[in-house]
Every structure is written in C-alpha cells, then in structure tokens.
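Working notes for the structure below.
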Amino acid sequence: MDDFNGVSERLEMNGEKGPITEEIQRECKEFIEDLVDRIFNKSSTIVQEDNAKFGIYSRTTEGRALFARLVDSQRVNTKRVSEQTFYRLVQFFALCLFECNEADDFHPAKCLMNMSYTFFHYSEEVEDRTQDVISPDSEEADDSTNGDNNNALESPSNPKPPKVKSFLYTHLKEQPIWKCQRFWNASFFESVHHERTQHSPDGKRGHWRHMSSEEQELAEIMEENITFGQLATFLHNMMGLGLSEQFTRRFLDKMGVIGNITKDQYDMLAANIASHFKATSHFQPASGKETRQWSLSNLGTPIRRRLSSLMKQPSKH
Numbered sequence: 116m117d118d119f120n121g122v123s124e125r126l127e128m129n130g131e132k133g134p135i136t137e138e139i140q141r142e143c144k145e146f147i148e149d150l151v152d153r154i155f156n157k158s159s160t161i162v163q164e165d166n167a168k169f170g171i172y173s174r175t176t177e178g179r180a181l182f183a184r185l186v187d188s189q190r191v192n193t194k195r196v197s198e199q200t201f202y203r204l205v206q207f208f209a210l211c212l213f214e215c216n217e218a219d220d221f222h223p224a225k226c227l228m229n230m231s232y233t234f235f236h237y238s239e240e241v242e243d244r245t246q247d248v249i250s251p252d253s254e255e256a257d258d259s260t261n262g263d264n265n266n267a268l269e270s271p272s273n274p275k276p277p278k279v280k281s282f283l284y285t286h287l288k289e290q291p292i293w294k295c296q297r298f299w300n301a302s303f304f305e306s307v308h309h310e311r312t313q314h315s316p317d318g319k320r321g322h323w324r325h326m327s328s329e330e331q332e333l334a335e336i337m338e339e340n341i342t343f344g345q346l347a348t349f350l351h352n353m354m355g356l357g358l359s360e361q362f363t364r365r366f367l368d369k370m371g372v373i374g375n376i377t378k379d380q381y382d383m384l385a386a387n388i389a390s391h392f393k394a395t396s397h398f399q400p401a402s403g404k405e406t407r408q409w410s411l412s413n414l415g416t417p418i419r420r421r422l423s424s425l426m427k428q429p430s431k432h
C-alpha cells in the first residue's frame with residue numbers, strides 16, 4: 116500500500132492536470148501495460164491495490180490514452196472474452212470514462228465507446244433486448260475465448276441453451292460522459308475527419324484545384340457518404356447507450372445540417388430513430404419495471420445493413 120500512497124502523493128505534487136514527470140510516466144506505462152495483459156490473460160490476479168493504482172493513473176492524460184490504446188490493440192487477438200475478463204473490462208472502462216468526463220478528454224472516451232460495442236462474452240440470460248442470440252449449433256457459438264474460462268462438458272441429454280452475446284456497452288449506460296453534448300460533437304467531427312483522411316488518395320484533401328470536375332464530384336460524394344455513414348453509426352451508439360429520443364434527434368438535426376446530408380438520408384435516419392423508440396416503448400410495462408420478454412423480431416434491421424441503399428452514387432457522364 117506504501118507504493119500506492121507514493122504514487123498518489125507524487126501525482127498530487129506534480130499536479131494531476133498538468134504534464135507528468137518522466138519517472139511517473141514510466142511507472143504509469145509499466146503498470147498499465149501489465150494491467151491490460153492481466154485483464155485479458157490472468158484477470159484472477161488483479162487485486163484491490165491494482166484498482167486503486169489505476170484510479171490514480173487514469174487521472175492523467177497519458178494514463179487514459181495508454182489504457183485506451185492498449186485495450187484497442189487486443190482486438191486483433193479476440194473480441195470474445197471470458198466472463199471474468201468481461202467484468203474486469205466493465206470495471207476499468209467505467210473508471211476511465213469517469214475520469215475522461217471529469218477532464219473533458221474525449222478521444223480515449225470515444226475509443227472506449229467503440230470498444231464497448233466490440234468486446235463481448237456469451238451469457239445464458241438476456242440482459243438487454245438489443246443483444247444477439249446465438250444458436251448453439253452456429254459456427255459463431257464455437258469461437259475460442261481468451262482469458263480464464265472453464266466450460267462444463269455438455270451431454271446429448273443436457274443440450275446447451277441459446278447463447279446471448281453480452282456487450283460491454285450494456286453495463287456502461289449510466290456513465291455521465293454519454294450525457295455530454297460536447298463529447299458527441301467532438302467525437303463525431305474527429306471520426307469524420309479521420310475517415311476522410313483515410314480515404315483521400317494522398318491522405319489529405321490538398322490538391323482540389325488540380326482535380327478534374329469528375330474527380331471533384333467523386334471526392335464530394337465520398338465525403339458526403341462518409342458523413343452519412345458516421346452519423347448513422349453515432350446515432351446507433353447513442354440509442355444503444357440509452358440516450359433519449361430528444362437528445363438523439365437534436366444531434367441528428369445539428370449534424371445533418373453541418374454535414375450537408377440529403378433529405379432522403381435525413382429522413383431514413385429520423386425514421387430509424389422513431390422506429391427504435393417506438394419499439395423500445397413496448398418493453399416498458401405499467402409497473403415501470405422492464406419486462407424480460409425478448410424477441411429477435413423486435414430488433415428490426417440493423418442500421419448498418421441499410422446504409423448502402425442511400426449512399427450517393429456518382430452520375431454517369
């Protein structure tokens with residue numbers, strides 16, 4: 116515990132909001148690298164002191180950025196995690212998101228939001244009506260799981276129940292940063308800029324004057340489609356995180372104008388929002404308690420599968 120107290124005192128002396136010293140930065144890097152490795156591979160070794168030290172390091176810009184980056188790098192290994200790893204991720208995501216909100220540090224928060232829709236584990240109880248039910252016979256149900264996990268042997272007389280994909284975001288809906296309009300604005304602009312940069316031939320839109328009219332048209336269409344696609348994704352995430360219909364519609368209205376999406380694109384997104392909240396209203400019984408009934412038909416068509424129909428196409432000359 117003396118080591119933890121020493122870290123806390125040095126950060127207080129250094130100033131948690133300002134740049135940290137090289138010594139603290141090195142200690143932070145070593146601790147978080149080790150912690151992330153244990154979360155995914157040896158989560159049973161994590162103790163209360165680790166939680167406390169992470170709480171201290173996550174108050175620094177460097178600590179939050181490093182944690183988000185290292186967890187993101189784990190996606191290449193697996194997206195399905197053991198139950199123990201899953202709830203460790205919920206715990207540390209919640210801590211980091213809280214500190215991101217306190218510090219207005221939106222980039223790592225955006226990364227964690229995206230990863231909360233990526234990492235999952237299989238559970239036998241439906242915790243959220245938007246989760247995916249997987250047939251026991253499907254190939255996806257046989258995905259390998261990393262981390263500590265013991266699976267009981269199944270017999271023909273004791274078949275597996277349907278598996279449910281439980282994603283991290285279903286346990287992070289109460290995070291205050293989701294209620295912050297500035298977080299959504301900044302994250303959306305950052306994502307659109309990143310996608311446009313990634314899809315530009317030279318990595319930037321720097322030679323507009325030297326493009327032919329056809330090339331300019333293609334570039335404009337690409338940018339409009341990127342804006343539409345990102346807006347659809349953000350609205351999907353907002354609804355999944357339980358934000359209100361008013362909050363979601365206000366975001367669509369503002370970003371739809373800024374992004375210059377077409378009327379058809381706007382109408383499609385607005386209709387999807389209305390459909391979502393109409394469907395979810397059926398899950399609220401008179402007592403105010405959420406019903407446990409669930410059906411695949413309530414999900415509707417995932418928004419990402421509908422995007423291509425409204426993507427603009429270049430005109431034929």
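Just add 115 to the spot in the sequence shown (first one is 1) and you have the numbering used here. By construction, the Cβ of each residue, glycine as well, lies at the ideal position given by its N, Cα and C atoms.
Terminal residues of the beta strand (DSSP E) in which residue i lies
i, result
"residue 288", "Looking at the DSSP string, residue 288 is not in any beta strand (DSSP E), and its letter there is neither H nor E."
"residue 238", "235-238"
Closest Cα partner of residue i within the set the options
i, options, result
"residue 158", "346, 343 and 203", "203"
"residue 180", "190, 353 and 143", "143"
"residue 178", "163, 211, 206 and 314", "211"
"residue 298", "175, 184, 349 and 336", "349"
"residue 193", "287, 217 and 156", "156"
"residue 201", "166, 286, 171 and 145", "286"
"residue 222", "191, 315, 292 and 377", "292"
"residue 377", "387, 343 and 369", "343"
"residue 337", "326, 352, 314 and 328", "314"
"residue 229", "190, 217 and 170", "190"
"residue 387", "353, 374, 375 and 373", "353"
"residue 197", "282, 395 and 328", "282"
"residue 375", "307, 176 and 205", "307"
"residue 163", "290, 206 and 327", "206"
"residue 169", "395, 147 and 288", "147"
"residue 303", "218, 373, 396 and 166", "373"
"residue 217", "301, 295 and 140", "295"
"residue 305", "289, 326, 220 and 328", "220"
"residue 175", "145, 165, 325 and 139", "139"
"residue 505", "290, 185 and 300", "The structure shown does not extend to residue 505, since the chain spans only 116 to 432, so no value can be given for it."
Neighbourhood of residue i by C-beta, 7 Å cutoff - its chain only, sequence neighbours within 5 removed
i, result
"residue 284", "231, 232, 355 and 356"
"residue 384", "346, 347, 350 and 367"
"residue 227", "183, 208, 211 and 212"
"residue 187", "226 and 230"
"residue 165", "150"
"residue 268", "Residue placement at residue 268 is flagged as unreliable, the pLDDT there being 44, under the threshold of 50; a coordinate-derived value is accordingly withheld."
"residue 185", "147, 148 and 151"
N-terminal and C-terminal residue of the alpha helix (DSSP H) that residue i is part of
i, result
"residue 278", "Premise fails: residue 278 lies in the beta strand (DSSP E), 278-282, not in any alpha helix (DSSP H)."
"residue 396", "378-396"
"residue 308", "296-314"
"residue 157", "Careful: residue 157 lies outside any alpha helix (DSSP H) and carries neither H nor E."
"residue 228", "221-231"
"residue 365", "360-374"
"residue 204", "198-218"
"residue 356", "First-last for residue 356: undefined, no H or E at that position."
"residue 186", "176-188"
"residue 166", "163-172"
Beta-carbon contacts of residue i that lie in its chain and below 8 Å, excluding the five residues immediately before and after
i, result
"residue 161", "150, 153, 154 and 203"
"residue 326", "334"
"residue 288", "356 and 357"
"residue 396", "none"
"residue 145", "none"
Minimum Cβ-Cβ distance from residue i to chain C less than 7 Å
i, result
"residue 148", "The structure shown contains no chain C, having only a single protein chain."
Close-in-space but distant-in-sequence residues of the same chain around residue i (CB under 6 Å, 5 per side omitted)
i, result
"residue 371", "381"
"residue 137", "none"
"residue 173", "179, 210, 211 and 214"
"residue 309", "none"
"residue 290", "212"
Beta-bridge partners of residue i, as assigned by DSSP
i, result
"residue 141", "DSSP, once it has assigned bridges, lists no residue as partnering residue 141."
| Counting pairs of beta carbons, one from the segment 350-367 and one from the segment 385-399, are three or more of them closer than 8 Å? | With a cut-off of 8 Å, the segment 385-399 and the segment 350-367 count as touching, because enough Cβ pairs lie within range.
### Message
Using a Cβ distance threshold of 8 Å, determine whether the segment 363-370 contacts the segment 325-332, with at least three qualifying pairs required.
### Response
Contact between the segment 363-370 and the segment 325-332 is absent, because fewer than three Cβ pairs lie under 8 Å.
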